[in-house]
Every structure is written in C-alpha cells, then in structure tokens.
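What follows is a single structure, written as structure tokens, with notes after it.
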Amino acid sequence: MPTIAPAPCGPLQHHFDALLQDVCASVATQAGNLLDSIYLYGSVARGHATPGVSDLDLTLVLRHPPTQQQSDALEALRLALQARHPEVLKIDFDIGHLAQVLAPEHLYSWGYWLKHQCRCLWGDDLASHFAPFAPSRAIALAVNGDFVRVLDDYAQRLEDERDPVAIVRLQREASRKLIRSCNIVRQDDDPCWPGSLDDHVALLLRHYPAMQAKMAYFLAQARPGAVPASGFTPALRQFTQWLEQQQAS
294 MPTIAPAPCG PLQHHFDALL QDVCASVATQ AGNLLDSIYL YGSVARGHAT PGVSDLDLTL
354 VLRHPPTQQQ SDALEALRLA LQARHPEVLK IDFDIGHLAQ VLAPEHLYSW GYWLKHQCRC
414 LWGDDLASHF APFAPSRAIA LAVNGDFVRV LDDYAQRLED ERDPVAIVRL QREASRKLIR
474 SCNIVRQDDD PCWPGSLDDH VALLLRHYPA MQAKMAYFLA QARPGAVPAS GFTPALRQFT
534 QWLEQQQAS
C-alpha cells in the first residue's frame, strides 16, 4: 500500500514571515530550556492561507511536561501574539512533551502528526524518528477518536455564546473537526488518505452517499466568510451521534 503524502515543504507565503519570526523568537524566549521544537501545520504550512482569515496552527514539543505556571505563561504569550498579529484570525498551540511524542503507544497519533502534517520551524525535527505511514483506520482513530467529546464541547459553547463573531468562529471550528473526524469510518483497504476538507467529504460519500446534503451543509460552514447558520447546534449534535453509531458498528 502506498504511504501518506509527505508533510508540506513548499515555499511559505511572505505575508506571514514577520509573524513566524516573532512566534519562534517569542516562544523560544518564553519557554527557554523547556522548549524542544516548534512545528507549523494547517493552511499556513501548506502555503495557501488567506491573510486576515486563516488561523496559525502550531505544535510545541517541550522537553518535559510543563508546570501550571509554565502552561499559563505559554497561554498568555499565545494571546499576546494573537493580539499583535492581524495577519491571522487566531493562533493555536498544540502542546506535547518528548516522552509523550516518542512513546510507542502514540505512534499513530504523534508519530503520524509530525511525519505527515507538520513542518519544523525551530529545534530538532522529530519527524526523522518515524518512517512514512501507510493509510489506516488506526491513524484516523488515533487522531480523531476524541470527536464525541470535542464536538459535544463545541455544541455546549455554541448554546452559551451570544456574540455573532464568536458564533461564526465556533461553527467553523466545529465543522472542520466534524468533517475531519469522518475519516474514522474509512475501510482498512481504502488506499487514499484525505488531505483537504473536500477530500474528507469525498471519502465519506464513497461509503455513505445519502449524507451528501449534510456534508454540504457543514462544508459551507467550514469555509472562510461563512455566516451564522440557524439550527447548527442541533445538526451538530445529530451528526455527532450518527458518526458515533457508525464507529461502533
């Protein structure tokens, strides 16, 4: 079976140069000897982000688990970077530590993630520890097996939110998580591995063509420029339940 496509390695958009330089310098200064490496993933890593609309997605690998004080300091830094860089809509830090990343039981989550989704910006590239992965349901479950908890949390936050701007952002994030989570119902002999949201939708519809209208609805909400969608939260809860049932069967 062929392996999954390698991590993005093409040229980055110059519009984000100052942002990435600031992020690397600021995180390295804040974390000090705690920091092992910084990785970029998502649309900025792939070189097709939309300035002022796309998010900046970063993975930080630390040398050991952070204390609460260190975690709080990194969160404060994330918010400060986000506030001073309108080039992106939001900055996210996904944080792990060396023992966790290199543990055999996390091969299909952290190993796949660093090998195929991330490009190293700072430090030693841990992707070199892993051979290329072949498409598998085990990876899909390792990466998105938390979908029920995450999507239920989005539904609750949406029920409590009143700010239209925040609602649009939460609906977009929830839709993207939902669409990517559909990869867990793949068959073990599916040779392809979805890269884009459209790829994820196409793979699901190969097995469940009756879900076309629902997938079109969530795909529209995942796009930049979407507006608040009425009935989104009930639809999110219903689809989450359906996906959970397919996983169980």
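Quick note on the numbering used here: the sequence shown kicks off at 294 and runs consecutively. By construction, the Cβ of each residue, glycine as well, lies at the ideal position given by its N, Cα and C atoms.
Of the residues the options, the one placed nearest residue i, counting alpha carbons only
| i | options | result |
| --- | --- | --- |
| T343 | Q363, A503, Y332, E380 | E380 |
| D263 | L333, L312, T526, P295 | This structure does not reach residue 263, given that the chain is present from 294 up to 542, and the question cannot be answered. |
| D315 | W535, I384, Q480, E537 | I384 |
| L529 | L512, I432, A541, S542 | L512 |
| L327 | Q363, P299, A427, I432 | Q363 |
| R430 | A424, S330, Y405, F423 | Y405 |
| T352 | D453, I331, S523 | I331 |
| A392 | F386, H357, H422, P425 | H357 |
| W535 | C475, L370, S489, G325 | C475 |
| Q410 | G524, P527, A298, F525 | A298 |
| A519 | C413, G303, R465 | R465 |
| L490 | G325, R516, D481 | R516 |
| H378 | D439, A311, F386 | A311 |
| H422 | K408, C413, P428, A435 | K408 |
| F309 | G325, D329, H341 | H341 |
| G335 | L395, L349, Q449, E537 | L349 |
| G303 | R412, L395, Y501 | R412 |
| F532 | E454, F440, W486 | F440 |
| Q449 | P487, P527, H390 | P527 |
| H390 | L370, P359, L313 | P359 |
| A435 | R462, D453, W403 | W403 |
| Q539 | Y501, M508, A509 | Y501 |
| L395 | E454, L370, D365, D329 | D329 |
Cβ separation of residue i and residue j, assumed to be a contact under 8 Å, to the nearest whole Å
| i | j | result |
| --- | --- | --- |
| N437 | I388 | Not a contact, Cβ separation roughly 18 Å. |
| V354 | S347 | About 23 Å separates the two Cβ atoms, so there is no contact after all. |
| P295 | R339 | Not quite, the Cβ-Cβ distance comes to about 20 Å (not below 8 Å), so this is no contact. |
| A506 | Q514 | Incorrect: roughly 13 Å between the Cβ atoms, too far for contact. |
| Q323 | L367 | 7 Å |
| R479 | A433 | 6 Å |
| D483 | P428 | 6 Å |
| F386 | L451 | Between L451 and F386 the Cβ distance is about 23 Å, and since that is not below 8 Å, they are no contact. |
Alpha helix (DSSP H) segment containing residue i, residue limits
| i | result |
| --- | --- |
| S336 | 336–339 |
| R473 | 457–474 |
| C317 | 310–324 |
| T284 | With the chain represented from 294 up to 542, any question about residue 284 goes unanswered, as that position is not in the structure. |
| H493 | 490–500 |
| Q514 | 505–515 |
Which ranges does the beta strand (DSSP E) cover as unbroken runs of at least 3 residues, wholly within the stretch 344–375, from first to last along the chain? 349–355
3 or more residues per run - each beta strand (DSSP E) lying fully within the stretch 366–446: 384–390, 412–416
Validate contact between the stretch 444–457 and the stretch 465–482 using beta carbons, cut 8 Å, 3 pairs: yes
Could you tell me whether the stretch 493–505 touches the stretch 399–419, using the rule of 3 or more Cβ pairs below 8 Å? no
Validate contact between the stretch 306–325 and the stretch 367–382 using beta carbons, cut 8 Å, 3 pairs: yes
Would you call the stretch 390–406 in contact with the stretch 451–460, where contact means no fewer than 3 C-beta pairs closer than 8 Å? no
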